[in-house]
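Chemist: Sequential numbering from 5 applies to the sequence shown in the working numbering.
By construction, the Cβ of each residue, glycine as well, lies at the ideal position given by its N, Cα and C atoms.
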Amino acid sequence: MSDVHSQIDNEVKTNDVVLFMKGTPQFPMCGFSGQVVQILNYVGVPYKGINVLEDEGIRNGIKEYSNWPTIPQLYVKGEFIGGCDITREMFQSGELQQLFAEKGIATPKPAA
């Protein structure tokens, strides 16, 4: 495993919720990242945002790590959930909130 993959693996496994995104949670640099940030903030789940624009190795490495071609990428308890569309669909159906509950991640807003 390369250094970049080890770094990504460590972030995914040591944080309950990780969002690999363009920009930061406070200042998303693309609309798709911004939508996922809005969803996570709405649900109220604590998460770590990792700005892939700051490190080309992570930007390319995360795509290889997940075998998923686009960013943002959401991970919950080490499991790759998906990108913006999947996260949005799961949120709208209540599946995302249910997933957080099943994984033992407290959210201030009850599952739908």
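At 4 residues or longer, and completely inside the region 43–77: list those alpha helix (DSSP H) runs for me, N to C.
Modeler: 60–70
Chemist: Report all residues from its chain with a CB closer than 7 Å to the CB of Ile12; omit the five preceding and five following residues, and keep chain order.
Modeler: Ile62, Gly65, Ile66, Tyr69
Chemist: Thr28 and Asn55 - do their beta-carbons sit closer together than 7 Å?
Modeler: Yes. Within cutoff.
Chemist: Are Pro76 and Cys88 closer than 7 Å when you measure CB to CB?
Modeler: yes
Chemist: DSSP three-state call for Gly35: helix, strand or coil?
Modeler: helix
Chemist: Starting from Leu23, follow its DSSP beta bridges and name the residues at the other end.
Modeler: Gly53, Leu78
Chemist: Excluding the five sequence neighbours on either side, which residues of its own chain have a C-beta within less than 8 Å of the C-beta of Pro32, listed in chain order?
Modeler: Met25, Lys26, Gly38, Val41
Chemist: Measure the CB-CB distance between Lys52 and Asn14 and report whether it falls below 7 Å.
Modeler: Not closer than 7 Å, so no.
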